[in-house]
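Each remark here refers to the structure printed beneath this line.
In structure tokens:
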């Protein structure tokens, strides 16, 4: 099955995505459905019991898309299995108030991803950027460093292919 | 940025709308994992394609995520 990082790579390579600005957003939604991850929009219900994670992802970020693969792989290996994971596309948020409607107490959002955590319907924690990525990755048996290394290795391989 | 140093390299923060770089002066532009080009996020305008094309020399290239995205004629 196509991974989220495959989708990032396909978008980076183009050219179909370069001429169709909606291509990545459509494919991102389809990939979430294929991998059994729920898309969350303001107004949707928040689980009143259990542990919930809401993750704002930048589909144009290799780091964010690799994080989603880590979550899918972690679920498969039973890491973080009890978590309810919901996702939204950060590029739907064009103001800080749009983020507030999804994840409280982020402040000004400078970096992706963003993440919020709820227990039994009560919000407990929010993070953005490195801190969000490392926190979530560790819940699923990985780390921000591992994800960064994966993306850097891939990018260097692309450049080596081009230069070779 | 003050913590960064690299021999013969200048780091600076600039507005995406108007890069403080001369026309036709850059050999290679690298971008990685950026928001969609030519759009607006909560922080303002994203990387502007026309600005990158403006600063590239003829024959200069734009590499996005390690992949050749554009070569200026």
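Chains as they are written, first to last, in my numbering: chain A, 1 to 164; chain B, 165 to 237. By construction, the Cβ of each residue, glycine as well, lies at the ideal position given by its N, Cα and C atoms.
Per DSSP, the beta-bridge partners of residue 205(B) are 208(B). Taking 8 Å as the cut-off, the beta carbon of residue 51(A) is found closer than this to the beta carbon of residue 84(A). Under the Cβ criterion (8 Å, minimum of three pairs), the segment 141–160 of chain A counts as touching the segment 220–231 of chain B.
Residue environment for residue 36(A): exposed (fewer than 16 other C-beta atoms within 10 angstroms of its C-beta). Of 4(A), 42(A), 25(A), the smallest CA-CA separation from residue 97(A) is found for 42(A). Checking the DSSP bridge columns, you'll see residue 226(B) partnered with 193(B), 234(B).
The C-beta distance from residue 132(A) to residue 146(A) rounds to 15 Å, too long to meet the 8 Å contact threshold. Residue pairing for residue 127(A): DSSP places it in a beta bridge opposite 115(A). Listed along chain B is no residue with a C-beta nearer than 7 Å to that of residue 128(A); the closest approach is about 12 Å. In the structure shown, residue 85(A) adopts extended strand secondary structure according to DSSP, grouped into three states.
Looking from the CA of residue 55(A), the closest CA among 150(A), 125(A), 158(A) belongs to 125(A). Residue pairing by DSSP leaves residue 121(A) without any beta bridge partner. Put simply, the CB of residue 66(A) is far from chain B, with every gap to its CB atoms at 8 Å or more. In this structure the segment 65–77 of chain A does not lie against the segment 207–219 of chain B, because fewer than three pairs of beta carbons, one per stretch, are closer than 8 Å.
Contact between residue 199(B) and residue 60(A) holds: CB atoms are separated by about 6 Å, below the 8 Å threshold. At least one C-beta of chain A is nearer than 8 Å to the C-beta of residue 204(B). The residue from 224(B), 220(B), 202(B), 234(B) with its alpha-carbon nearest to that of residue 187(B) is 220(B). Under DSSP, the beta-bridge partners assigned to residue 220(B) are 190(B). Not a single C-beta of chain B is nearer than 8 Å to the C-beta of residue 70(A). Legend: CB atoms of the segment 219–230 of chain B lying less than 8 Å from CB atoms of chain A belong to residues 227, 228, 229, 230.
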